[in-house]
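What follows is a single structure, written as C-alpha cells, with notes after it.
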Amino acid sequence: FELLSTPSPTGFETKIQAVVKRYMSKYADEIEVDLHGNMMVALNPKANRRVMLAGHCDQIGLMVSHISKDGFVYVTPLGGIDVGVLPGAIVTIHSQKGPVQGVIGRKPIHLQKDDERSKMSLDIKAIWVDIGAKNEKEAKAKIEIGDCATFALQVTELQDGFVCSPGMDDKVGLFVAMEALRLCASSKLQVGLYSVSTVQEEVGLRGARTAAYRIDPEVGIAIDVTHAHDNPGRGGDKESPCDLGKGPVIVRGPAVNPVVDKMLVATAKKHKIPYQLEANSRMLGNDANAIQVTRGGVAAASLGIPNRYMHTQVEMCHLKDLENAAKLLANFVKSITNRTDFRPK
528 FELLSTPSPT GFETKIQAVV KRYMSKYADE IEVDLHGNMM VALNPKANRR
578 VMLAGHCDQI GLMVSHISKD GFVYVTPLGG IDVGVLPGAI VTIHSQKGPV
628 QGVIGRKPIH LQKDDERSKM SLDIKAIWVD IGAKNEKEAK AKIEIGDCAT
678 FALQVTELQD GFVCSPGMDD KVGLFVAMEA LRLCASSKLQ VGLYSVSTVQ
728 EEVGLRGART AAYRIDPEVG IAIDVTHAHD NPGRGGDKES PCDLGKGPVI
778 VRGPAVNPVV DKMLVATAKK HKIPYQLEAN SRMLGNDANA IQVTRGGVAA
828 ASLGIPNRYM HTQVEMCHLK DLENAAKLLA NFVKSITNRT DFRPK
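Numbering (my numbering), first residue to last: 528 to 872.
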C-alpha cells in the first residue's frame, strides 16, 4: 500500500516516482525519467519491437489559490475533483516546509438560505481549508500560494479483498503495469517491455503523450480504473457489467486495436484468468487516447480496474482484480512473437 500512502497530486508526482524507482530497480534492465517526470521502466530495451504499459501515477487534488486575512485557505481544483464531497474532508497540504493538516469547512446548514440548501452543485469558492491558523501571517508561515493538497492518505481494508483509499485512480493501474513487468522479468521476451508511470493524466494525458513519443511503441495499453456498476449508483441495467472482484475489464470500441483485443481475450481464456468486457463507442478517456495517435500510430487498448466512488476519498477496488490484470498483461506480452502482426485484418 506504499503507493496509495504516497502523495502524487497531478503535476507534483516526484515523491511517488521515487517509490516506483526504488521498487522496480530490482527487476528492470533500464529506468529513465523524462523532462515531464514520466518514469519509464524497461525490460529488453534493445528489442526492435516495443510494448508500452501505462498507469498514471497522478491523483486529483487541490491547489492553494488564496490565503485570507483571518488565516483561511482557499483552493482551486487539480483535475476533475467532485466539489460536493469536499465539505468535512480531512486534507493534507504538501508544503515545501512539510505536510500541513487541515479540514474543509463551509457555512453550516443551520445558517444557509433556502437557495443555498437547494443547490445541486457546490461552488468551490464556497468552501475553504481550515489549518487552525489565527491569521494570514500564521498561515503563510506554513504554506504559500501554489502549494498542493490531497485528501488525507489513508488505506482502509474492508472485507474479502475490498480496499478503499484516495488515489486508487490510478495508482492501482500503476501497480498493475509494474507488477506485469516484474512477472516478465525472468522470461526471455521477443519484444521490449516498457512499463511507464505516467504523469499529468488528470489534466490532459500529457505524460503519456510525451512518453509514447519517446518510446515509439508498436503496442500501447493503458491500465486505468473504470466505473463499477455493482452499487446503487451504477450506470443502469443496460450498461456493460462491471463488478469488483470479477476480473479486469477489457475495453472494446473503435479506438481499440482489434488484434490486441482478440489476443487479450484469448490470453485470459488460455490462462483461466477472469475478465469482463466493456463497450466504449467513443474515444478512450485515458492515456490510451494519447498513445494511440503517437507518431505513425500505435495499436492501442485499455484495461480497466473496476472502481467504486471514483474521484472521492473512498475510492474502492478489489485486490484480486489487480492480481488478475497483471497476470493477463504479463502473459499477453510473453505471447508476442516476431511474427505477430497488429495491423487490423
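Every residue, glycine too, gets a C-beta built ideally from N, C-alpha and C.
For Gln686, the closest of Asn834, Leu846 and Phe859 by C-alpha to C-alpha distance is Leu846. Residue nearest to Arg633 within the set Asn807, Gly611 and Lys553 is Gly611 (criterion: CA-CA distance). Leu804 is bridged by DSSP to Ile777. Under the three-state reduction of DSSP, Val841 is assigned to coil, being neither helix nor strand. In the DSSP assignment, Met705 falls within the alpha helix (DSSP H) that extends over Met695 to Cys711.
Between Thr737 and Asp609, the gap from beta carbon to beta carbon reaches 8 Å or more. Sequence-distant partners of Lys667 (beyond 5 residues in either direction) whose C-beta falls short of 7 Å from its own C-beta, in its chain, are Ile594. Counting along the chain, the unbroken alpha helix (DSSP H) around Asp788 starts and ends at Pro785 to Lys797. Using a C-beta cut-off of 8 Å, the stretch 566-579 makes no contact with the stretch 683-700, since fewer than three inter-stretch Cβ pairs fall below that distance. For His593, the pairing in a beta bridge is given by DSSP as Tyr601. Between the stretch 546-558 and the stretch 824-831 there are fewer than three C-beta pairs closer than 8 Å, too few to call the two in contact. Comparing alpha-carbon positions, the option among Leu732, Gln544 and Thr794 lying closest to Ser724 turns out to be Gln544. Looking at Gly688, Pro759, Lys789 and Val746, the one whose alpha-carbon comes closest to that of Arg822 is Val746. Its Cα nearest to that of Pro801, the residue Val776 stands out among Gly688, Val776, Ile654 and Ala660. Here the stretch 767-783 makes contact with the stretch 834-851; the two share three or more CB pairs at distances below 8 Å. DSSP, reduced to helix, strand and coil, places Met810 outside both helices and strands of the structure shown, so it counts as coil. In terms of Cβ geometry, Ile631 and Gly607 do not form a close pair [threshold 8 Å].
Beta-bridge partners of Ile620 (DSSP): Val627 and Ala676. Using a Cβ distance threshold of 8 Å, Ile672 and Ser622 do not count as a contacting pair. Burial of Thr533 is indicated by the presence of at least 16 other C-beta atoms within 10 angstroms of its C-beta. Within the stretch 842-871, the complete alpha helix (DSSP H) runs of at least 4 residues fall at 846-862. With respect to the C-alpha of Lys872, the residue from Pro785, Ala815 and Gly824 having the closest C-alpha is Pro785. As the crow flies, the alpha-carbon of Gly564 is around 32 Å from that of Leu804. Cβ contact annotation for Lys596 (same chain, cutoff 8 Å, sequence separation greater than five): Asn662 and Glu663, in chain order. In this structure, Ser862 is the residue among His838, Ser862, His756 and Val752 with its C-alpha nearest to the C-alpha of Ala795.
Spatial neighbours of Gly688 in its own chain (CB-CB distance under 8 Å, excluding positions within 5 residues in sequence) are listed in chain order as Gly772, His845, Leu846 and Lys847. By the Cβ rule, the stretch 574-587 does not count as touching the stretch 648-657, because fewer than three pairs are nearer than 8 Å. Using a Cβ distance threshold of 8 Å, Arg835 and Asn807 do not count as a contacting pair.
DSSP places Ile587 outside any alpha helix (DSSP H), giving it a letter other than H or E. In this model, Phe859 and Thr839 are separated by some 32 Å (Cα to Cα).
With a beta-carbon spacing of about 5 Å, Asp674 and Val591 fall inside the 8 Å limit used to define contacts.
Cβ neighbours of Tyr554 within its own chain (closer than 6 Å, five residues either side excluded): Arg709 and Ala712.
The C-alpha of Arg741 lies about 25 Å from the C-alpha of Met790. DSSP, reduced to helix, strand and coil, places Gly538 outside both helices and strands of the structure shown, so it counts as coil.
Its Cα nearest to that of Ala739, the residue Ser722 stands out among Thr753, Ala755, His754 and Ser722.
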